[in-house]
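Engineer: Submitted below is the structure of interest, expressed as structure tokens.
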Amino acid sequence: MAKEIVVMSVLLFVLAATTKADTQSGYGPRCSSLCNSSAPTHIHFYFHDKITGPSPSAVQVVSPPNKTSPTSFGTVYVMDDPLTEGPDPRSKPVGRAQGMYLSSDQVRIGFLQAMNIVLTAGLYNGSVITVLGSNHISDSIREMPVVGGTSAFRFARGYAQARTYFLDSNGLDAIVEYNVYVFH
Ligand SMILES: *[C@@H]1O[C@H](CO)[C@@H](O)[C@H](O)[C@H]1NC(C)=O
Ligand SMILES: *[C@@H]1O[C@H](CO)[C@@H](O)[C@H](O)[C@H]1NC(C)=O
Ligand SMILES: *[C@@H]1O[C@H](CO)[C@@H](O)[C@H](O)[C@H]1NC(C)=O
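Just so you know, the sequence shown maps onto residues -21 to -1, 1 to 163 in mature numbering (1 follows the signal peptide of the UniProt record, and there is no 0).
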């Protein structure tokens, strides 16, 4: 018990010390070397959205409210999609896209997409870029705003461009190439 209390105290001390350092510098220790306000950072990856099969990375949580809507207007999906360096799903993992997309256009297929790009490798491992935008999947390039971020991406502003790399014959599973440009 006493040992546990000591461990807890040490942890709290470390936490308090980290918080203090963060507050003093404004950015925290990670950002000072990783941030650059004079040029945007370019992040490139492939996004794997798999709805079908035994272990989907995106699930439908609201089914189409109107079965005859040509765009399944109102349908909601939640995703935890793997992000990789190359288009091959087995290539190096670089992060996850966690969030949701919902059918928000009654005329042509288009989603409101809200996601956190959680980076898990490389220079920006542990940092998050938050994207909120409109994704009309039949457009060759879809642009969505970067609305914020954490750690190295505090104060982030920028945009993400999505381009479909591969669409399965079922029209559901997709591999999408992303180029994200961020000032931070
Ligand atoms: C910031 O970007 C500029 C222009 O690309 C570059 O010359 C400079 O070295 C960068 N600074 C850092 C700290 O990365
Ligand atoms: C369902 O969608 C169809 C096609 O857009 C539309 O004509 C119909 O009015 C909708 N029905 C309801 C109940 O909203
Ligand atoms: C990313 O950071 C986590 C936490 O610090 C660490 O466990 C992991 O090994 C890192 N991943 C890579 C690929 O560097």
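Backbone N, C-alpha and C define an ideal beta-carbon position, used for all residues, glycine too. This one's a predicted model, so the numbers in the text were calculated from it and none came from an experiment.
Looking only at its own chain, which residues have a Cβ that is under 7 Å from the Cβ of ASP152, when we skip the five neighbours before and after it?
Structural biologist: Within the same chain, ASP152 has close Cβ partners ASP28, LYS29, ILE30, THR31.
Engineer: From the DSSP output, in three-state form, read off LEU62 for me.
Structural biologist: Note: LEU62 maps to strand in three-state DSSP.
Engineer: Whole angstroms are fine: how far does the CA of SER83 sit from the CA of GLY89?
Structural biologist: Each residue's Cα considered, the two are about 6 Å apart.
Engineer: At a cut-off of 7 Å, is SER48 close to ligand 2 when judged by its beta-carbon and the heavy atoms of the ligand?
Structural biologist: Checking the Cβ of SER48 against ligand 2 gives yes.
Engineer: Taking 7 Å as the line, does the beta carbon of GLN85 fall inside it for any heavy atom of ligand 2?
Structural biologist: Correct: GLN85 has its Cβ closer than 7 Å to ligand 2.
Engineer: Flag ALA100 as yes when its Cβ comes closer than 7 Å to any non-hydrogen atom of ligand 3, and as no otherwise.
Structural biologist: ALA100 Cβ: within cutoff of ligand 3.
Engineer: With a Cβ-Cβ cutoff of 8 Å, do PRO43 and SER51 count as a contact?
Structural biologist: Yes, they are a contact pair.
Engineer: Excluding sequence positions up to five away, which residues of its chain have a Cβ less than 7 Å from the Cβ of SER16?
Structural biologist: Hits under 7 Å: PHE162.
Engineer: Pick helix, strand or coil for SER113, following the three-state DSSP scheme.
Structural biologist: Reduced to three states, the DSSP call for SER113 is strand.
Engineer: Using only the alpha-carbon positions, how far apart do ASN158 and SER48 sit?
Structural biologist: Near 32 Å, if we compare the C-alpha coordinates of SER48 and ASN158.
Engineer: Can you name, in chain order, every residue of its own chain whose Cβ lies under 6 Å from the Cβ of ASP147, other than the five neighbours on each side?
Structural biologist: Once the five neighbours on either side are set aside, ASP147 has no close Cβ partner at all.
Engineer: Is the region 68 to 79 touching the region 93 to 110 in the sense that three or more CB pairs, one from each, lie closer than 8 Å?
Structural biologist: Taking 8 Å as the limit for Cβ pairs, the verdict is that the region 68 to 79 does touch the region 93 to 110.
Engineer: Could you pull the start and end residues of the beta strand (DSSP E) that LEU81 belongs to?
Structural biologist: LEU81 -> beta strand (DSSP E) spans 72 to 82.
Engineer: Taking the beta strand (DSSP E) that LEU91 belongs to, which residues open and close that run?
Structural biologist: Run containing LEU91: 90 to 98, per the beta strand (DSSP E) assignment.
Engineer: When you compare only the Cα positions, how much space is there between VAL73 and LEU13?
Structural biologist: Rounded to the nearest angstrom, the two C-alpha atoms are 17 Å apart.
Engineer: What separation, rounded to the nearest whole angstrom, lies between the Cα atoms of LEU98 and SER106?
Structural biologist: Approximately 6 Å between the Cα atoms of the pair.
Engineer: Taking the alpha-carbon positions, what's the GLN39 to GLN140 distance?
Structural biologist: In a straight line, the C-alpha of GLN39 is about 24 Å away from that of GLN140.
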